[in-house]
Each structure stands twice: as C-alpha cells, then as structure tokens.
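Numbered continuously in this note's numbering, the sequence shown closes out at residue 221. Ideal Cβ positions, reconstructed from N, Cα and C, are used throughout, including at glycine. Input: a single structure, listed below in structure tokens.
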Amino acid sequence: MIPVIAIDGPSASGKGTVAQRVADALGFYYLDSGSLYRLTALAAFRADIPLDDAKALTALAGNLQIRFENGEILLSDQNVTEDIRSELCGNRASRVAAVPAVRAALLARQRGWRRAPGLVADGRDMATVVFPDAILKVFLTASVEARALRRYNQLKDKGNPANMSDLLRDIAERDLRDQTRAVAPLQKGMGAQLLDTTQLTINQAVDQVLEWAKSALVSSS
Ligand code: DC
1 MIPVIAIDGP SASGKGTVAQ RVADALGFYY LDSGSLYRLT ALAAFRADIP
51 LDDAKALTAL AGNLQIRFEN GEILLSDQNV TEDIRSELCG NRASRVAAVP
101 AVRAALLARQ RGWRRAPGLV ADGRDMATVV FPDAILKVFL TASVEARALR
151 RYNQLKDKGN PANMSDLLRD IAERDLRDQT RAVAPLQKGM GAQLLDTTQL
201 TINQAVDQVL EWAKSALVSS S
C-alpha cells in the first residue's frame, strides 16, 4: 500500500508550504488539492460560467486540461501558476468547492496522485474523504489573525496591494463557508493530529510533521 500523509487545514494556515517541504524531505509526491478547485474556478470565470450553475461547473471540473510541470501549473497549455493564487480566485474556489458534484468530479483525479514511494496531500478533506486510509493525518491551523498577517506579508513581498482588515474578513468568510458546507466540510477528522502553528515558525511545523511522519512510516511498514 502506497503511504499517504494527509494535511488538512483552513486558508493561509501554511499547510501548502509545510506539505511541500515534508514531501521534499521524504522524496514523496505532493498534491495541492486546493489548486484543482482554484483551476475550476478560473476556468469557469474564463468560460463565463456562473458560480451557481452546478451542472456546467461539474462538466468543467471533469474535463479540465491540467498539467503540473516543474512547479508551474498549466490550464489548457496556458501558465496560470500566478493567476490561481489571487484572493479573488481563492474566494471563487471556495464557492465552487461547495458544489457536491464538483467535489465528486475531482475525486478520482486526486486519488490518481497516489504513486510510489508515497504522497503528501494537502487540502480540506484529504484525511476525511479522499485518503481516509492515510498513515498520518494532520490538522494544521493557526489563529485568523496570524493567518491574515502571513497572507498580508506574502502579498506585500510580491509587491501586491494588501489590506489587513479585508484579509481578516475574507479569511473568516472562507473559513465559515468551508466549515459549514454540506459535503466534506473542513473539520479535524478522527485520528488527526492537531498542529497549531500560531506560535511556530515554518521550520518548527515541518520538523513536527516529519517526526510524526517518520514514526507513522515505521509503524505502517
Ligand atoms: O487551499 P486553498 O486555499 O488553495 O483552497 C482553495 C479553496 O478550495 C478553499 O477555499 C476550499 C477549497 N478546497 C476544498 O474544498 N477542498 C480541498 N481539498 C482543497 C481546497
């Protein structure tokens, strides 16, 4: 059985950076499942599909032409690596992700990432729905204020405009939508280890997950 490490958590919790670094350290593949919802939202925007048209969104999600190449993300051969990271696209993704049939359409694609020697997958429902047999489940979170500040610094570092009170409001709104949707809501599932990174550096968070991962790998072998 190919081992999976599932890292779930809310927006801007740092789970993407932590998951990528844990995958690199273990020589595992890395799945950023949020990118699939972001890509669906971007494709819908470009095709003028309204976010309440569940049928059209589902057909779109099932037929996305996506390639992940050397850290770049291509949608129908166009490089959209930066485009999908905007706050606007994140908000749209959160709405697209609330459509149950869209989630179902993306399920097989996500499971297809499970390849030897192993996978680190990050998202909202990695441990609860997509990889319930993950050998390690981590719920990585931080306070809303800490997450808004991290996002603020990221945006500023890239020379983008950023407003702290808008970020606080957007993150809180997305948390609420992701936590209260009917299908696969964001939640700490049974058996998940809680990692609150409010007071931790990225290195400390990575070290903690690696320590858990190494002992899970030993006990599962
Ligand atoms: O992790 P992220 O910010 O890139 O995710 C974008 C949106 O996609 C987020 O608001 C919720 C949704 N999402 C989801 O519902 N399930 C996942 N496994 C990953 C992301």
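Check your understanding: Taking C-beta to C-beta, are residue 9 and residue 141 nearer than 8 Å?
Key -> yes
Selected residue, minimal CA-CA separation from residue 182, among 102, 20, 87 and 60:
102
Among 84, 194 and 55, which one has its Cα closest to the Cα of residue 99? 55
Practice item. State the DSSP-derived secondary structure class of residue 179, mapped to helix, strand or coil. Key: helix
Review point. How would you call residue 128, buried or exposed, if buried means at least 16 neighbouring beta carbons within 10 angstroms?
Key: buried
- Measure the alpha-carbon distance for residue 83 versus residue 89 and round it to whole angstroms. 8 Å
Q.
Just to confirm before moving on: does the CB-CB distance between residue 80 and residue 40 stay below 8 Å?
A. no
- Query: Do you know how far the Cα of residue 168 is from the Cα of residue 91?
  - Reply: 13 Å
- Could you give the DSSP three-state label for residue 110: helix, strand or coil? helix
Exercise for the section: Excluding the 5 residues preceding and the 5 following residue 148 in the sequence, name in chain order all residues of the same chain whose CB lies nearer than 8 Å to its CB. Expected result: 12, 164, 167, 168 and 171
- What are the start and end residues of the beta strand (DSSP E) that includes residue 28? Taken as a continuous stretch (DSSP letters only), residue 28 belongs to no beta strand (DSSP E), as it is neither H nor E.
Thinking C-beta only, is residue 19 closer than 8 Å to residue 130? no
With a threshold of 7 Å, establish whether the CB of residue 34 neighbours any heavy atom of the ligand DC. yes
**Message:** Taking 7 Å as the cut-off, is the C-beta of residue 126 nearer than that to any heavy atom in the ligand DC?
**Reply:** yes
ask   = Run through DSSP, which three-state label would residue 78 get?
value = strand
What I want to know is whether the C-beta of residue 229 ends up closer than 7 Å to one or more non-hydrogen atoms of the ligand DC. For the chain, the structure presents residues 1 to 221; residue 229 sits outside this window and is missing.
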